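Protein chains in written order, with full-length UniProt numbering: chain A, 1 to 457; chain H, 1 to 457; chain C, 1 to 457; chain F, 1 to 457.
Report on one structure; see the data block that follows.
There are 4 protein chains.
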Amino acid sequence: MSTVIKNGTIVTADLTYKADVLVEGGQIAAIGQGLVGDEVIDATGCYVMPGGIDPHTHLEMPFMGTYSADDFESGTRAALAGGTTMVIDFALPAPGQGLLDAIKVWDNKSTRAHCDYSFHMAITWWGQQVFEEMPKVVEHGITSFKHFMAYKGSLMVNDDEMFASFKRCAELGAVPMVHAENGDIVAEMSTKLLAEGNNGPEGHAYSRPSQVEGEATNRAIMIADMAGVPLYVVHTSCEEAHEAIRRAKMNGKRVWGEPLIQHLTLDDSEYFNQDWDHAARRVMSPPFRDKKHQDSLWAGLASGTLSCVATDHCAFTTEQKRYGVGDFTKIPNGTGGLEDRLPMLWTYGVGTGRITMNEFVAVTSTNIAKIMGMYPKKGAVLVGADADLVVWDPEASKTITASAQQSAIDYNVFEGKEVKGLPRYTLSRGVVAVAEGKVQSREGHGEFVAREPMGAV
Amino acid sequence: MSTVIKNGTIVTADLTYKADVLVEGGQIAAIGQGLVGDEVIDATGCYVMPGGIDPHTHLEMPFMGTYSADDFESGTRAALAGGTTMVIDFALPAPGQGLLDAIKVWDNKSTRAHCDYSFHMAITWWGQQVFEEMPKVVEHGITSFKHFMAYKGSLMVNDDEMFASFKRCAELGAVPMVHAENGDIVAEMSTKLLAEGNNGPEGHAYSRPSQVEGEATNRAIMIADMAGVPLYVVHTSCEEAHEAIRRAKMNGKRVWGEPLIQHLTLDDSEYFNQDWDHAARRVMSPPFRDKKHQDSLWAGLASGTLSCVATDHCAFTTEQKRYGVGDFTKIPNGTGGLEDRLPMLWTYGVGTGRITMNEFVAVTSTNIAKIMGMYPKKGAVLVGADADLVVWDPEASKTITASAQQSAIDYNVFEGKEVKGLPRYTLSRGVVAVAEGKVQSREGHGEFVAREPMGAV
Amino acid sequence: MSTVIKNGTIVTADLTYKADVLVEGGQIAAIGQGLVGDEVIDATGCYVMPGGIDPHTHLEMPFMGTYSADDFESGTRAALAGGTTMVIDFALPAPGQGLLDAIKVWDNKSTRAHCDYSFHMAITWWGQQVFEEMPKVVEHGITSFKHFMAYKGSLMVNDDEMFASFKRCAELGAVPMVHAENGDIVAEMSTKLLAEGNNGPEGHAYSRPSQVEGEATNRAIMIADMAGVPLYVVHTSCEEAHEAIRRAKMNGKRVWGEPLIQHLTLDDSEYFNQDWDHAARRVMSPPFRDKKHQDSLWAGLASGTLSCVATDHCAFTTEQKRYGVGDFTKIPNGTGGLEDRLPMLWTYGVGTGRITMNEFVAVTSTNIAKIMGMYPKKGAVLVGADADLVVWDPEASKTITASAQQSAIDYNVFEGKEVKGLPRYTLSRGVVAVAEGKVQSREGHGEFVAREPMGAV
Amino acid sequence: MSTVIKNGTIVTADLTYKADVLVEGGQIAAIGQGLVGDEVIDATGCYVMPGGIDPHTHLEMPFMGTYSADDFESGTRAALAGGTTMVIDFALPAPGQGLLDAIKVWDNKSTRAHCDYSFHMAITWWGQQVFEEMPKVVEHGITSFKHFMAYKGSLMVNDDEMFASFKRCAELGAVPMVHAENGDIVAEMSTKLLAEGNNGPEGHAYSRPSQVEGEATNRAIMIADMAGVPLYVVHTSCEEAHEAIRRAKMNGKRVWGEPLIQHLTLDDSEYFNQDWDHAARRVMSPPFRDKKHQDSLWAGLASGTLSCVATDHCAFTTEQKRYGVGDFTKIPNGTGGLEDRLPMLWTYGVGTGRITMNEFVAVTSTNIAKIMGMYPKKGAVLVGADADLVVWDPEASKTITASAQQSAIDYNVFEGKEVKGLPRYTLSRGVVAVAEGKVQSREGHGEFVAREPMGAV
Ligand SMILES: [Zn+2]
Ligand SMILES: [Zn+2]
Ligand SMILES: [Zn+2]
Ligand SMILES: [Zn+2]
Ligand SMILES: [Zn+2]
Ligand SMILES: [Zn+2]
Ligand SMILES: [Zn+2]
Ligand SMILES: [Zn+2]
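Below is the structure:
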């Protein structure tokens, strides 16, 4: 059975042109004029783009005996509803747990996925076993390794562990990634704030100002360069971190920065909302920033000094957030965003003229596929590519509200935002998962995507 | 009749993959495995890339009653020999001459071209006629306008003329371009140097140091931003100019910088050669720079803060250069490079790891086609694109020497350089113009390429 | 007759210490413990500092057949009232008028001055006469030359005039100064805004945004460097200009920037006041800026990348401002500030911890005296220095209001600001000009201060 | 008994003027014309300047069971010979040793000093005892605390120890200092280089490239800002570190950088000398750098982004250096310089026009005295100041050679350098320690200088 998407305008990272797209066997079979297929999807007035790829999610992530509220079922359903056709989640080994073991755990969680997915492997501890298993992880198709410079006492690794792991990545052609905040300082600041009675959600923001992120970003870049490996910096939220990345690029280093849609559009005034729940629901790391950082992030997307837009989707219910009443360090870190990333970025980026449509595709899909070693299987509208496509209606609009969302949680940090530009159809490997705004995806349809080690950038 | 390029690896700005390319009617008819055609070109061991586009040449340019030595015949022949399949030259109206008149003059010169070509229109004076003809120039398919901030007394325009023209470009969706050097300072410095008896070729370099270029670049960027139009800066040769471009990008401005292959690989020590001829042959504006600027330019290509690599090919014979004996201001400005740009950039860029193969294609072809409004007709390996292709042999090598070159002049500024990476075949709209290093192109084969005004960037 | 200032704490650019100051014959005769004199000024609880020097005023400046409202009588009276004991005004030759002629005109105006003064000479046109008179101006003790890059059609000089004048300054050891805004762009923007019906005071701000100043600053720095001379940039009002200065310093250039107290404390929201008079009274060039620029200016003062704080005092009455009703380009440019500079800078700088007391003295007095070739006659608390002193009461406070000011105009741009930190006494060459806030200065007491050409910086 | 220095030109950080200086009781008793004293020092043709202060020495520093070769006797004798009248050394507690204990040890060493001295206290470990003794150290007059970010396994402290100590400094008004290199990376790199057989002195340079210093500098600045305290960065040797300091200043932070005379004038080519001894004698941390870093350091001194010039004098004999044959990590780190700092900086700074004489005094003496809490007792030519003076002959010259030096070691890293500008006399608290180049100082004359906690900057 074949499907043809007719009358649309194809928009890629590269190119805008009118053509039909023929889909067969889950892949793009032809691109051209007057194509014919068994089924027809009408894209009149729409843009046909590579489906979004979210390079940074935490679905069913273990937390204090429970889990983040969106699992691979609801999370990937939300993704598709918003035009995202693939997520890359994080396998997080427990202290001392083997990397291959962790893969098994995450393989089990992901069986329910509605869309395709892959994993990054986190290096949460260091030792001979980790060193030896890293090549096997790469063979498994997991070619990126995450390092936490914060979360002291749990996930955090120190500089020499990071250096050792980065050197191993260099040998393997793998991409090291960092969560860049100085964990020592954050820990001390948190203790101090709590001791002084600042235990509300705003204390979270006070405990990790932007320079703490800028410092760690700068440090990770140096360590990567000494190891002879590029670097992917997750959730770049501020001018300080962006400046470090720009400076590195000007010294000929290969570094990629990933702003989140949250940091591009929301700011730290949210933490001063009188309603504890309102503020706590926005607690994530790095925290939302002062508005002035937003200009820096947008300019980075337009000029190419920042490369990808993600969500760090890690959703907790209000009830879960309330674990942290009286102690902000116990508020589970994370917000949602999977369903909203594309519409929000289109509205605030393309709609305002800050970025072009082609740049929109680049930062939400193509750049990610390239950096993460799966282009052009993903992230492309090319013959032979997976038919992960979104038919985007630039005139469709809605008001974001939790009551209409796919996510399992009871609120939405973008509540009330008007967005213009929405998926009319979303296809996952050729299967229509969303049609006219109605989600009709299938649990378990999603497949693991094995990725290649470093090739052409 | 069809031609198939078999067994090669396609390298685009975007992608590296093994596939055959079928050419029919001057265009790419198919890309895929096992394609069949009337003729076969063997690309075993080679990369199949979009042919180079040189965005900056001066063929048969009028000069003191004579002309630059390479005309559209020899110049485009040299281009093809080096893997470049298109040039964009400059139509230069005389003072008071209409723009449409100038087009006619250049149309006449270009009838002998071996490869496709287009023109930028220079704004060498300002007046109502210029204002009124600009839209007609754009309709003609010439969608970029060049402005000289130097050459006081001849080509130079001042700030309010430039602002007026930039605003007109904004209305027309045309791209303004600048030769950025402060002409007032250069003129004064030249006078002063001559008065002090510094009349040799090194005086040329002293008269226009890098900060004179940096200043003008910075000024043009401001004026473009006030006019609400992007800006293309030709022959960005130094850190100061590059810094201004970077800073502009960080403020969300759209500015493109174009380093020349000469500035990337040669330095100002050449001007101190004891042989007057040696030094004079290297006289161009901006002059070669101190070595430290090269690092800046290469980092710009890798990080995307600089966008294109050109030659500013404007060849004069030694005899012509000698007009300037005793007065460096009379040495005709310009050097060759059309045949050498791709092999030199590959050798010093890809061969050293400074840029990837994909970035090589981007900066020599694809970015240029996009910025100049003719992508993907040019600059792409896509079905429907013009079959301007180069089959690149990464193992082929040679020593550059004037005695073997296509250019009409009697020397080569890259004389003696070893290059590794050369075209095995060059195709111009499907016609094999170079085969196994042998040029077999046809005079008059080249066609004018009409370009589109600003679209997606 | 001698005077001793007792029980105070001396604060210089350099040092804070308790000592008495003995004044005799208009100079400081001794500094030490337990000094005795004929008269005693009690400085208990106060700081004894060098009197302020305002390097930038326009008193009785000719304008459209009339003059700026504060002349040397009221202007210097206002200065003393606010702790400023010297002003440097600008001699402005009319087109074609000789420099020595202009000095005579300004000598006449200044006979009524209450405090000492000097002049900068403006280069408002260029020619052999100007070239030849410049050394005589320097011999006269006027060792700084001002150049206007804006005010096209009247004061503006172009790049080659500026370069010629800067080279002449280099020969003479004189300091070139610039009003840095791109006059071509300002003129075009003004025309355009008026044509579109934007004729109100806010049009003034739209016509000269910060990048127009940044560009001109950058250009002047390059020209000064090519001429081999340092540069003094007046009224540095924005990050772009400050950035150009910082960058220059990092290349080893000697450049000084002078923020105004207005730009440090007021912002462009004033131009959007509904009351035309309110907005027009704030019209000056450069205009007030967006708040974000203030952080840049304050950091510059603290880190030394900006050197002096001035007022550009050029006061016009509301009636005069109204010349520009219906056409913002006719609103006389300028605001007051002479009486308010020190209290405002103390309150918003020292009072907030942004700068130290010593830095306060440096930027309001000592740095200016050094750069302008009259240190330590002025700007110092040293034996032998002129006894231009202010006894500063850090606890005294008031609300600024036009009704209580010395200036001849009918409003004050700082109206309503609370300041803490005021002069208790101001001495001009040993004569008490202000006592307990009461002005008792004498018209005609002020003397011309001849300055030295460039020496140690 | 009184001494008068006659006929000289006084040069301070601030001022250049002709005056005599009267010295009585070890202090400056008068400055003026025609002063009379019991003894006369003729300063005809000379500059009278505050004696140099070296803020960074390691005399008799314990090392592998022995000590650095210059102790307080020979070290301070060398200082005086070169015009330096005070040194600040480092008290280095052993692991677990109390701070007050360490002071005793260093008090004992310093009894033999020829000139005045003070100590910085090093924080080599962290604990309750350290926390509690810090205020007592400050009371003792030691108001600066040094932290090593390198020397893993011995002196190095980690980020949270540093943060704790910095916060304590903030409470005490003390200045935290850092040796800024990332110790983890240096340790790993050293191990790797040795494992690969790179055991020569050049391995030392490879193990700690400039970005390792830049990173640590950037990190220390962030930590200081979070602690609310200024920061003094010792031995700033490269553009990366200087850039971090500049950037911090532009964000309104108070950070001081201290280049060494070695890094200003020598480069890393020394490590590639064929003679092991030659190279090993230059081993210090940070190592000498590529020449391009020198421009950055000089521009920093001229523009004020770098504040002080030191030596890090830590002299080891060739025999001691040879402990590291076969293993560069065992080569004792350090070079001499105490006798050469002033002549070298004068020759390469003032003599070349890079810095003024006043800036020379600022960076070798006055800035140090101010930052370190002992101005104007030290670092000033003011009545009441200690008569630590140098009578500087700008025409005197010599060739630096180990055979003529005061230092106890058998070589000099500046061997063969021609310097122009030497002390004719050096006075320590009024006592002539050097006369006409002849050292006549007295062992034990030097006294401890108690310093004040943070006051005006
Ligand atoms: Zn994270
Ligand atoms: Zn995350
Ligand atoms: Zn040009
Ligand atoms: Zn050209
Ligand atoms: Zn002005
Ligand atoms: Zn003015
Ligand atoms: Zn050290
Ligand atoms: Zn040291």
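Note that beta-carbon positions come from the ideal geometry of N, C-alpha and C, so glycine has one too.
Just so it is clear, the structure is predicted and the values come from calculations on it, not from any experiment.
Option in the options with minimal Cα separation from residue i
i      : options                        : result
F:L172 : F:I142, F:V178, F:V186         : F:I142
F:G384 : F:T236, F:G26, F:M250          : F:G26
A:P394 : A:M49, A:S110, A:R282, A:G430  : A:M49
C:M454 : F:K377, F:V432, F:T356, F:Q406 : F:T356
CB contact check: residue i to chain H, cutoff 9 Å
i                      : result
C:Q211                 : yes
A:W88                  : Here the sequence assigns Ile to residue 88 of chain A, which means Trp is not the residue at that position. It does not; no Cβ of chain H falls within 9 Å.
residue 499 of chain C : Shown here, chain C extends from 1 to 457; a query on residue 499 of chain C therefore has no answer.
Own chain residues within Cβ distance below 6 Å of residue i, not counting five before or after
i      : result
A:M284 : N333, G334, T335
H:E239 : H293, S296
C:T399 : E418
A:E225 : Reading off the sequence, residue 225 of chain A comes out as Asp, not Glu. Closer than 6 Å at Cβ, skipping near neighbours: K253.
Residues of its chain near residue i, where Cβ-Cβ distance is below 8 Å and the 5 sequence neighbours each way are ignored
i      : result
A:V457 : Residue placement at A:V457 cannot be trusted, given a pLDDT of 36 that sits under 50; the coordinates are not used to answer.
C:A29  : S2, L22, V23, V383
C-beta neighbour in chain A for residue i, strict 9 Å
i      : result
H:K370 : yes
H:V449 : no
Contact with chain F by residue i, beta-carbon distance below 9 Å
i      : result
C:I28  : no
C:I53  : no
C:A310 : no
A:D268 : no
Cβ-based neighbour list, residue i, same chain, cut-off 7 Å, excluding 5 preceding and 5 following
i      : result
A:F90  : H58, F119, H120, A122, K146
F:Y213 : The question names Tyr, yet the displayed sequence has Glu at residue 213 of chain F. Around F:E213: A180, E181, S237, C238, E240, A241, P286.
Residues bridged to residue i (per DSSP)
i      : result
H:M156 : H:F148
F:F448 : F:Y117
F:H313 : F:T57, F:T335
F:E359 : DSSP output for F:E359 lists no bridge partner at all.
Contact with chain C by residue i, beta-carbon distance below 9 Å
i     : result
F:L15 : yes
Quick test of the definition: if touching needs 3 or more C-beta pairs under 8 Å, does the segment 421-429 of chain C touch the segment 290-309 of chain C?
no
For the segment 358-390 of chain F, list every residue whose C-beta sits within 9 Å of some C-beta in chain D, in sequence order.
No chain D appears in this structure, whose protein chains are A, H, C and F.
Three or more C-beta pairs under 8 Å: does that hold for the segment 186-193 of chain A against the segment 201-211 of chain A?
yes
Would you call the segment 446-453 of chain A and the segment 101-118 of chain A in contact, with 3 or more CB pairs under 8 Å?
yes
Kindly confirm or deny that the segment 344-359 of chain F and the segment 256-276 of chain F touch, where touching means at least three C-beta pairs closer than 8 Å.
yes
For the pair the segment 349-356 of chain A and the segment 20-37 of chain A, tell me if three or more CB-CB distances fall below 8 Å.
no
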